[in-house]
Amino acid sequence: MDSITELELLCADAWPALVDEGLGQWRLRAAGGFTGRANSALTTGDPGVPIPEALATTSAFAARHGIEPAAHVTQGTETERRIREAGWQPAADHPGGVESMVMTGPLPDGDPLGEVLDKPTRQWWDLAVGEPTAAQRHVLGTGPLLGFGYVEAAAVVRGCIVDSTLHISRLSVRPALRRQGTARRLLATLGAWARDCGAQDAVLQVATHNTAAIRLYEGLGFTEHHRYGYWRP
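Counting from 1, position 63 in the sequence shown corresponds to residue 63 in UniProt numbering; the numbering is continuous, with no gaps.
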């Protein structure tokens, strides 16, 4: 298995959808519309049927679960070319942007701030999503090994360890407290927790238009591994 496929599968395991069905090596996912990652077909590997048929199955799956049909597609791959030939197009109106990158790096280190909770509290939810839906509770609140970073009334982050890799997500800092090092220090706290749990490295997914977040992660030693986008009929 190549490194892109390994990382995509790891990220999918760290971000569990309410429904996750196999189509050959593809994964058809639905979670009430909460995030593209949990509401799209992960198109790594061979679906076991011709691409047009796989896309038709993806659309039927989406219709059954009340979501828009979408495919999560790694850039520059043969699968991307075949999906384009089948008439699907990049989802230019996707809320997270038309393009995202997967970044890999060391476990965050530095001057810690805050704590890592075993379970998300009401205060954590308030900063992360507000009042959570059932889908949000499932996607964010389940996973192999979870830690919920929290700085009181200031910032949150979610960590999920899959095998020996920390998946970082849902980093949020109150607007009035940004650019003060809060995010970096909370990530250091999460990194220390992950290290104590046996993690060795880290991965994250970020929209390419989120330049502030990318600069933060680059400052922590993260680099781009590959890019992906969402495609629709």
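Note that the Cβ used here is the ideal one computed from N, Cα and C, for glycine as well.
Take the Cβ of residue 132 as the centre, count every other Cβ of all protein chains shown within 10 Å, and call the residue buried at 16 or more, exposed below.
-> Taking the first residue of the sequence shown as position 1, residue 132 is located at position 132. Result: buried.
C-alpha distance - residue 84 paired with residue 44, whole-angstrom precision | The count along the sequence shown starts at 1 and reaches residue 84 at position 84. The count along the sequence shown starts at 1 and reaches residue 44 at position 44. Their backbone Cα atoms lie some 15 angstroms apart in a straight line.
Which runs of the alpha helix (DSSP H) spanning at least 4 residues fall entirely within the segment 60 to 144, listed in chain order?
-> DSSP runs (the alpha helix (DSSP H)) wholly in the segment 60 to 144: 78 to 85, 122 to 128 and 134 to 141.
Helix, strand or coil for residue 7, going by three-state DSSP, please let me know.
-> Within the sequence shown, numbered from 1, the residue matching residue 7 stands at position 7. Residue state, collapsed to three classes: helix.
Sequence-distant residues of its chain with Cβ nearer than 8 angstroms to residue 206 (five each side left out) = Position 206 of the sequence shown holds residue 206. 100, 101, 103, 213, 214 and 217, listed in sequence order.
Taking just the CA atoms, how far does residue 233 sit from residue 144?
-> Numbered from its first residue, the sequence shown carries residue 144 at position 144. Numbered from its first residue, the sequence shown carries residue 233 at position 233. Those two C-alpha atoms are separated by around 33 angstroms.
Buried or exposed: which applies to residue 164, given that a residue is buried once 16 or more other Cβ atoms fall within 10 Å of its Cβ?
-> Locating residue 164 in the sequence shown gives position 164, counting from the first residue. Its Cβ having fewer than 16 others within 10 Å, residue 164 is exposed.
Contact belief for residue 30 with residue 112 at Cβ below 8 angstroms, rounded distance in angstroms = Locating residue 30 in the sequence shown gives position 30, where the first residue counts as 1. Locating residue 112 in the sequence shown gives position 112, where the first residue counts as 1. About 37 angstroms separates the CB atoms of residue 30 and residue 112; that is not less than 8 angstroms, and the two are not in contact.
Between the CA atoms of residue 48 and residue 154 - distance to the nearest angstrom = For this step, residue 154 is matched to residue 154 along the sequence shown. For this step, residue 48 is matched to residue 48 along the sequence shown. Looking at the two C-alpha atoms, the distance is approximately 47 angstroms.
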